[in-house]
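First comes the structure, then the notes that go with it.
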Amino acid sequence: MANKICITTDCVCDLSDSILKRNHVDLVYFYIKTDTGVFRDVSEITAQNVFEYISNGGGKTTTTAPPPEEYAEFFKKKLKDYDEVIHINISSGVSLAYANAMVAFERLNEDEAARVHIVDSLHLSTGIAHLVLRAAEMVRANRNSEEILAELDVLKTKVSSSFMADNADYLYINGKVGKNVQFICSKFNIHPVLMMKDGKLVLKTVQIGKYEKSAIRYVRNELKKYDEIKRDLIFVTHAGCRLSDIRLVKREISRIAKFDAVEVTKASATVSGNSGPRTFGLL
């Protein structure tokens, strides 16, 4: 009989509750600190809460990864019901979550440690989700942990994670860019395009001009840059976008490439707090 394997991940995977439940995936939660307190991401605070807090004069928000003791407790709890746990972390290049999970791993006893596998996804948001869903699919196919881990090692190099922000205001608030860059972006209607590269979030390029036209150019550039794209699933993950923005993006996607599924998901407060409202990504 095949071992029972549990797939888990961080809440910053930005998957909807329905998708998580359907695939039997459980989460470890990040925290958002504001002047008014500390809140657990997703369950106690949303991206919209962060946007309203800052627009009403609130100070900088700080994101905190789950501490090692929470990861350790989480793994021990899962091992009571499963033979093995495969946990897929947000990239170690953008968060301490992977490092904290590894500290927790080192605190497990020998038997527990042999049954826990921790994966650095090299991605964030629904870039992580592609790995999570593939792992869950392999569990349903009764594949063993060695096969799943080998597949994830290859897959994480194939996933494309990128975003277009409306402006550089939140990047400035969070110390990602300087005041001069923020001013220039605001004055000349410049929209930063960010991407995950080698596990780090970097500025890829910019789109200049009206938001809607910039969004269309971004979609075209992303979907036409590869000779082959797996067409089963694309995520459109957004923070505070208008319904008209999402319709525009989905329409442009359909003009360029036919995907079996286009999943629209909302970005967590952790992810959104660094990019600001009216940010969306193709993953």
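Residue numbers for the sequence shown, in this note's numbering: 473 to 755. Glycine included, every Cβ here is placed at the ideal spot set by N, Cα and C. Quick caveat, the model's predicted, so the values are computed rather than measured.
- Per DSSP, the continuous alpha helix (DSSP H) segment holding aspartate 583 begins and ends at 582–585.
- Checking the DSSP bridge columns, you'll see valine 708 partnered with Val736, Leu754.
- If you check the CB distance, valine 678 and valine 691 do not come in under 8 Å.
- Taking a contact to require three or more Cβ pairs closer than 8 Å, the segment 738–749 and the segment 716–727 do not qualify as touching.
- In the structure shown, the three-state DSSP call for isoleucine 680 is strand.
- The segment 551–568 makes no contact with the segment 514–533: fewer than 3 CB pairs, one atom from each, lie closer than 8 Å.
- Taken atom to atom, the span from the alpha-carbon of alanine 711 to that of arginine 719 is near 14 Å.
- Residue range 519–527 is occupied by the alpha helix (DSSP H) that includes tyrosine 525, with no beta strand (DSSP E) assigned at that position.
- Just so you know, the alpha carbons of valine 721 and glutamate 584 end up roughly 45 Å apart.
- For leucine 715, the number of other beta carbons within 10 angstroms of its own is below 16, and it is reported as exposed.
- In this structure, lysine 672 and valine 566 form a Cβ contact; the two beta carbons are roughly 7 Å apart against a cut-off of 8 Å.
- Pairing alanine 537 with phenylalanine 502 gives a Cβ-Cβ distance under 8 Å.
- The alpha helix (DSSP H) runs lying completely inside the segment 564–618 and spanning 4 residues or more are 569–579, 582–585, 598–612, given in chain order.
- Residue pairing for proline 749: DSSP places it in no beta bridge.
- Between cysteine 713 and phenylalanine 655, the C-beta spacing is not below 8 Å.
- Considering only Ala729, Lys628, Glu618, Thr518, the residue with the shortest C-alpha distance to leucine 605 is Lys628.
- Taking all protein chains in view, the Cβ of valine 588 is crowded by 16 or more other Cβ atoms within 10 Å, so the residue is classified as buried.
- Excluding residues up to 5 positions away in sequence, Thr737 lie with their Cβ nearer than 7 Å to the Cβ of serine 488 in the same chain.
- As the crow flies, the alpha-carbon of isoleucine 560 is around 10 Å from that of valine 500.
- Take aspartate 507, set aside five residues on each side of it, and the residues of its chain with a beta-carbon closer than 7 Å to its own are Gly530, Gly531, in chain order.
- In this chain, valine 497 is not harboured by any alpha helix (DSSP H), its DSSP state being neither H nor E.
- Within the same chain, no Cβ atom closer than 7 Å to the Cβ of glycine 647 is found once the five residues on either side in sequence are excluded.
- For phenylalanine 707, same chain residues with a beta-carbon under 7 Å away, outside a window of 5 residues either side, are Thr598, Ala601, Glu735, Thr737, Leu755 in chain order.
- Ranked by Cα distance from isoleucine 662, the first of Gly509, Asn652, Lys669 is Asn652.
- Boundaries of the beta strand (DSSP E) around glutamate 556: 556–561.
- Less than 8 Å divides the Cβ of asparagine 746 from the Cβ of leucine 643.
- Collapsing the DSSP output to three states places arginine 512 in a strand.
- In the structure shown, the three-state DSSP call for lysine 697 is coil.
- By the beta-carbon neighbour count (other beta carbons within 10 angstroms, threshold 16), phenylalanine 511 is buried.
- DSSP places phenylalanine 635 in the strand class (E or B) of the three-state scheme.
- If the five residues before and after methionine 574 are omitted, its C-beta is found closer than 8 Å to the C-beta atoms of Ile590, all from its own chain and listed in chain order.
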